[in-house]
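Peer 1: Quick one: this structure, given as structure tokens, is what I'll be asking you about.
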Amino acid sequence: MPESRLPREFPGGRLRRLHPQDLAAFQAYRAIPELGRYQGWSPMSDEEARRFIEAVHRAPLFEPGQWVQLGIAEAVTDALLGDIGLYLSADGSAGEIGFTLQPAAQGRGLATAAVREALRLFFAATDAGSVQGITDERNGPSIRLLERVGFAFVERRQVVFKDEPCTERVYTLPRPGG
7 MPESRLPREF
17 PGGRLRRLHP
27 QDLAAFQAYR
37 AIPELGRYQG
47 WSPMSDEEAR
57 RFIEAVHRAP
67 LFEPGQWVQL
77 GIAEAVTDAL
87 LGDIGLYLSA
97 DGSAGEIGFT
107 LQPAAQGRGL
117 ATAAVREALR
127 LFFAATDAGS
137 VQGITDERNG
147 PSIRLLERVG
157 FAFVERRQVV
167 FKDEPCTERV
177 YTLPRPGG
């Protein structure tokens with residue numbers, strides 16, 4: 007079905023598969039400590055990142071019980087600026103989203119547009135009834151992005167994340183028209 011194919015254009019950018027030539031850009035933004043502070047990932051060696059990119063490049067989109075990582079690329083040059091992770095629950099009923107955008111690309115609405123496009127793709131390609139976004143309550147930019155695209159706050163959780171006590175904010179977005 008055409009609505010579930012990649013790449014997908016959006017204002018200012020493109021949502022696409024990660025490619026082996028993205029290694030340097032991927033490693034550059036994922037090595038920024040402030041960017042990774044609230045993320046579920048940790049920096050990887052070049053070899054680990056190469057294997058990761060190769061695996062997600064070939065991975066089927068939205069397999070139940072699996073995460074898929076999509077690249078956020080600059081519209082004109084196709085340079086990698088960030089990535090979006092989407093998870094489909096094992097029973098296919100719900101999803102989860104996470105996103106990362108390099109600092110130089112922030113503040114232009116690019117992440118918002120990319121997340122909106124990723125959600126359109128996810129709902130077109132799956133039967134999931136909702137998508138969840140979870141973020142540390144100190145991560146103001148992620149909270150604002152989730153709220154901008156229509157996620158509703160549902161709960162706070164006290165957790166230990168990366169060996170640090172924190173409060174997570176859980177948001178949910180129902181399937182459009184659902």
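If you're matching positions, the sequence shown starts at 7 in the working numbering and goes up one per residue. Glycine included, each C-beta is placed from N, C-alpha and C at the ideal position.
Rounded C-beta distance between residue 138 and residue 102? I'm assuming under 8 Å.
Peer 2: The count along the sequence shown starts at 1 and reaches residue 138 at position 132. The count along the sequence shown starts at 1 and reaches residue 102 at position 96. Sure, about 5 Å apart at Cβ, within 8 Å.
Peer 1: Check whether the segment 13-24 touches the segment 59-67, counting contact only when three or more Cβ pairs, one atom from each stretch, lie closer than 8 Å.
Peer 2: Taking 8 Å as the limit for Cβ pairs, the verdict is that the segment 59-67 does touch the segment 13-24.
Peer 1: Is the beta carbon of residue 128 closer than 7 Å to that of residue 87?
Peer 2: Numbered from 1 along the sequence shown, position 81 holds the residue referred to as residue 87. Numbered from 1 along the sequence shown, position 122 holds the residue referred to as residue 128. Cβ distance not < 7 Å, so residue 87 and residue 128 don't count as in contact.
Peer 1: Helix, strand or coil: which one does DSSP assign to residue 148?
Peer 2: Walking along the sequence shown from the start, residue 148 turns up at place 142. Helix.
Peer 1: Could you tell me the alpha carbon to alpha carbon distance between residue 171 and residue 142, rounded to whole angstroms?
Peer 2: Position 165 of the sequence shown, counted from the first residue, corresponds to residue 171. Position 136 of the sequence shown, counted from the first residue, corresponds to residue 142. Roughly 10 Å separates the two Cα atoms.
Peer 1: If you draw a straight line from the alpha carbon of residue 57 to that of residue 41, how long is it in whole angstroms?
Peer 2: What you label residue 57 is simply residue 51 of the sequence shown in a count that begins at 1. What you label residue 41 is simply residue 35 of the sequence shown in a count that begins at 1. Cα to Cα, residue 57 sits roughly 22 Å from residue 41.
Peer 1: May I have the straight-line CA-CA distance separating residue 145 from residue 153, to the nearest angstrom?
Peer 2: Start at 1 with the first residue of the sequence shown, and residue 145 comes out as number 139. Start at 1 with the first residue of the sequence shown, and residue 153 comes out as number 147. Distance between the alpha carbons of residue 145 and residue 153 is about 13 Å.
Peer 1: Which complete alpha helix (DSSP H) runs does the segment 127-172 hold, if anything under 4 residues is left out?
Peer 2: Correct list: 146-154.
Peer 1: When you compare only the Cα positions, how much space is there between residue 71 and residue 181?
Peer 2: Taking the sequence shown and counting its residues from 1, the one referred to as residue 71 is at position 65. Taking the sequence shown and counting its residues from 1, the one referred to as residue 181 is at position 175. If you take the alpha carbons of residue 71 and residue 181, they lie about 19 Å apart.
Peer 1: Between the Cα of residue 147 and those of 97, 104, 166, 53, spot the shortest distance and give me the residue it belongs to.
Peer 2: If you number the sequence shown from 1, residue 147 lands on position 141. Ranking the options by Cα distance to residue 147, first place goes to 104.
Peer 1: From what residue to what residue does the beta strand (DSSP E) around residue 69 run?
Peer 2: Stepping through the sequence shown from its first residue, residue 69 is reached at position 63. Per DSSP, residue 69 belongs to no beta strand (DSSP E) and is neither H nor E.
Peer 1: Would residue 49 pass as a contact of residue 37 if the rule is Cβ separation under 7 Å?
Peer 2: For this step, residue 49 is matched to residue 43 along the sequence shown. For this step, residue 37 is matched to residue 31 along the sequence shown. Yes, the pair counts as a contact, with Cβ atoms nearer than the cut-off.
Peer 1: Considering only their Cβ atoms, is the gap separating residue 76 from residue 132 smaller than 7 Å?
Peer 2: Counting from one through the sequence shown, the residue named residue 132 turns up at place 126. Counting from one through the sequence shown, the residue named residue 76 turns up at place 70. No; because the gap between Cβ atoms is not below 7 Å, this pair is not in contact.
Peer 1: Taking the Cβ atom as the reference point for each residue, do residue 55 and residue 33 lie within a distance shorter than 7 Å?
Peer 2: Residue numbering aside, residue 55 sits at position 49 when the sequence shown is read from its first letter. Residue numbering aside, residue 33 sits at position 27 when the sequence shown is read from its first letter. Yes, these two residues count as a Cβ contact at 7 Å.
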